[in-house]
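So the sequence lines, in the order shown, correspond to chains A and B.
Here the working numbering = 1-based position in the first sequence + 134.
Here the working numbering = 1-based position in the second sequence + 134.
Accompanying notes for the structure given below.
There are 2 protein chains.
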Amino acid sequence: MNVRASAPRDRAAPRKRDADATSAAILEAGKAQFARLGYDRTVMRDVAAEAGVDVALINRYFGGKEGLFTAALKASFHPDRILAWDRRTFASEIATMMADGAHVDEERAHSFQFLLRAATSPTTAPLLNVAIQERFLGPIRDWLGGEEAPARARVLAATFIGFLVERLIRDKALVGRERKVFIQRATAMFEAIVQEPEQTT
Amino acid sequence: MNVRASAPRDRAAPRKRDADATSAAILEAGKAQFARLGYDRTVMRDVAAEAGVDVALINRYFGGKEGLFTAALKASFHPDRILAWDRRTFASEIATMMADGAHVDEERAHSFQFLLRAATSPTTAPLLNVAIQERFLGPIRDWLGGEEAPARARVLAATFIGFLVERLIRDKALVGRERKVFIQRATAMFEAIVQEPEQTT
DNA sequence: AACGTAAGTCAACGCGCATTGACATCGCTC
DNA sequence: GAGCGATGTCAATGCGCGTTGACTTACGTT
Numbered sequence: 135m136n137v138r139a140s141a142p143r144d145r146a147a148p149r150k151r152d153a154d155a156t157s158a159a160i161l162e163a164g165k166a167q168f169a170r171l172g173y174d175r176t177v178m179r180d181v182a183a184e185a186g187v188d189v190a191l192i193n194r195y196f197g198g199k200e201g202l203f204t205a206a207l208k209a210s211f212h213p214d215r216i217l218a219w220d221r222r223t224f225a226s227e228i229a230t231m232m233a234d235g236a237h238v239d240e241e242r243a244h245s246f247q248f249l250l251r252a253a254t255s256p257t258t259a260p261l262l263n264v265a266i267q268e269r270f271l272g273p274i275r276d277w278l279g280g281e282e283a284p285a286r287a288r289v290l291a292a293t294f295i296g297f298l299v300e301r302l303i304r305d306k307a308l309v310g311r312e313r314k315v316f317i318q319r320a321t322a323m324f325e326a327i328v329q330e331p332e333q334t335t
Numbered sequence: 135m136n137v138r139a140s141a142p143r144d145r146a147a148p149r150k151r152d153a154d155a156t157s158a159a160i161l162e163a164g165k166a167q168f169a170r171l172g173y174d175r176t177v178m179r180d181v182a183a184e185a186g187v188d189v190a191l192i193n194r195y196f197g198g199k200e201g202l203f204t205a206a207l208k209a210s211f212h213p214d215r216i217l218a219w220d221r222r223t224f225a226s227e228i229a230t231m232m233a234d235g236a237h238v239d240e241e242r243a244h245s246f247q248f249l250l251r252a253a254t255s256p257t258t259a260p261l262l263n264v265a266i267q268e269r270f271l272g273p274i275r276d277w278l279g280g281e282e283a284p285a286r287a288r289v290l291a292a293t294f295i296g297f298l299v300e301r302l303i304r305d306k307a308l309v310g311r312e313r314k315v316f317i318q319r320a321t322a323m324f325e326a327i328v329q330e331p332e333q334t335t
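Pasting the structure below:
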């Protein structure tokens with residue numbers, strides 16, 4: 135009966151004893167699930183399953199669902215890349231991204247979806263406010279620069295969020311003419327805000 | 135011990151037998167709760183309590199939680215006034231409205247909060263999608279008119295929603311220069327979408 | 001005044017799910 | 001290689017909440 139010896143196939147791979155790797159996996163799964171489903175509809179068992187981990191572990195490492203959520207919230211917040219955007223291509227890039235949805239910059243879209251979902255939960259909403267102020271509005275402000283930056287950042291952020299929501303609600307992909315016009319118009323809108331203030335020569 | 139007999143006080147006022155009034159009360163409470171808490175966190179028992187009604191009633195009249203939700207969704211959706219907007223003043227009017235926020239009517243903000251919450255829940259998102267299609271995107275499309283209307287309506291709706299969210303999140307009122315720039319930029323954005331297609335002579 | 005039906009009330013039932021605590025096992029240290 | 005703490009597993013437990021069905025009571029009809 136030593137079949138096991140000849141075929142040491144890990145049955146379900148009893149999981150290596152590596153606390154860091156485990157908690158990282160949990161966090162990753164949590165981020166994904168929360169972003170996809172939101173807080174309430176995310177179920178711990180599924181997170182555990184996706185991470186290939188026992189449910190109890192997620193509890194041990196993060197101290198419950200809320201703990202995991204806050205951890206995930208902190209972890210999936212890196213809007214620093216905003217600063218890397220190129221002013222000249224920004225408008226059309228963002229417009230295209232909004233038109234086609236997922237397949238542009240998966241991670242970025244992902245994390246924003248997450249944030250948006252966070253806004254719906256009364257407990258997490260305050261967290262979100264602070265987060266948005268410091269890590270979203272702030273960077274955009276810096277990126278825009280100049281005296282008018284604060285107001286422009288607000289407008290940009292608002293529009294951005296709006297498109298994200300629209301994409302969230304949209305049922306089928308945009309194609310053909312509708313897609314083209316969508317991108318064209320959206321580009322025009324974003325350009326209107328990226329535009330430098332003193333345009334008059 | 136027959137104190138009860140001497141004090142026939144209506145314990146909890148056994149509710150008048152008026153189906154219409156009752157279901158109306160339920161609907162009202164539902165709208166409020168859904169707007170405040172979102173779909174998942176809203177609990178039927180609380181809705182019933184707020185309406186001063188037994189839980190079973192809400193089930194009888196609306197056929198369950200989802201039923202109440204869709205009813206509430208329909209009820210708190212009246213963007214009909216959009217059609218009354220004047221094309222030429224639309225952009226700046228809407229921009230100003232978004233800037234000053236607070237003094238826009240309470241009910242609208244309320245119902246919008248409701249919609250936003252709906253957008254973030256996978257089960258309710260489809261419902262919202264239908265509602266938005268019929269009652270929001272549709273009217274805007276008609277209002278815009280022309281071949282490009284569908285795509286433009288999407289862009290407009292998205293931006294609109296974004297500003298509403300921003301206003302929801304915004305902590306303090308916009309004043310002075312920031313307000314001015316905000317309005318100015320927002321106006322430019324809205325103009326970019328209201329703009330007729332064939333601009334070339 | 002008797003009666004039937006719609007309106008309202010009450011008390012479960014059952015499911016889904018987060019959480020917990022007892023138990024097994026790995027891997028490091030001496 | 002013996003022992004101990006950290007890591008991982010398993011099987012409850014308990015609660016929140018949507019839903020249901022049987023029962024009661026008011027109101028309009030005849």
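Cβ atoms here follow ideal geometry from the backbone N, Cα and C, with glycine treated the same way.
Tell me which residue opens and which closes the alpha helix (DSSP H) that residue i is part of.
i              : result
F224 (chain B) : 221–234
D180 (chain B) : 178–185
G201 (chain B) : 199–209
A218 (chain B) : Where A218 (chain B) is concerned, there is no enclosing alpha helix (DSSP H), given that its DSSP letter is neither H nor E.
Let me know the secondary structure DSSP gives residue i once reduced to three states.
i              : result
P273 (chain B) : helix
K306 (chain B) : coil
A153 (chain A) : helix
T258 (chain B) : helix
D174 (chain A) : helix
P284 (chain B) : helix
E330 (chain A) : coil
G164 (chain A) : helix
G279 (chain B) : coil
Buried or exposed for residue i, please, with buried defined as at least 16 other CB atoms from any protein chain shown within 10 angstroms of its CB.
i              : result
R288 (chain B) : buried
L207 (chain B) : buried
A307 (chain A) : exposed
T293 (chain B) : buried
R151 (chain B) : exposed
H237 (chain A) : Unreliable positioning characterises H237 (chain A) in this predicted model, as indicated by a pLDDT of 45, which lies under 50. The coordinate reading is nonetheless provided below. Per the 10 Å Cβ criterion, exposed.
T156 (chain B) : buried
T321 (chain A) : buried
Q267 (chain A) : exposed
G279 (chain A) : exposed
V315 (chain B) : buried
A218 (chain B) : exposed
Q167 (chain A) : buried
G186 (chain B) : exposed
A159 (chain A) : buried
V181 (chain B) : buried
E282 (chain B) : buried
V309 (chain A) : exposed
If you measure from the CB of residue i, is any heavy atom of the ligand MN nearer than 7 Å?
i              : result
G164 (chain B) : Among the ligands in the structure shown, none appear at all, so the ligand MN cannot be discussed.
Query raised in the report: Which residues, taken in chain order from the segment 294–306 of chain A, show a beta carbon closer than 9 Å to some beta carbon of chain B?
Result: F294, I295, G296, F297, L298, V299, E300, R301, L302, I303, R304, D305
**Report entry** Short-range partners of chain B found in the segment 321–332 of chain A, where Cβ spacing is below 7 Å
**Finding:** A322, M323, A326, I327
Report task. Note down, in chain order, all residues in the segment 261–285 of chain A with a beta-carbon under 7 Å from any beta-carbon belonging to chain B. Result -> N263, I266, E282, P284, A285
Query - Members of the segment 154–172 of chain A that neighbour chain B once the beta carbon cut-off is set at 9 Å - result: R170, L171, G172
Query raised in the report: Between the segment 308–319 of chain B and chain A, which residues of the former have CB atoms less than 7 Å from a CB of the latter, in chain order?
Result: E312, V315, F316, R319
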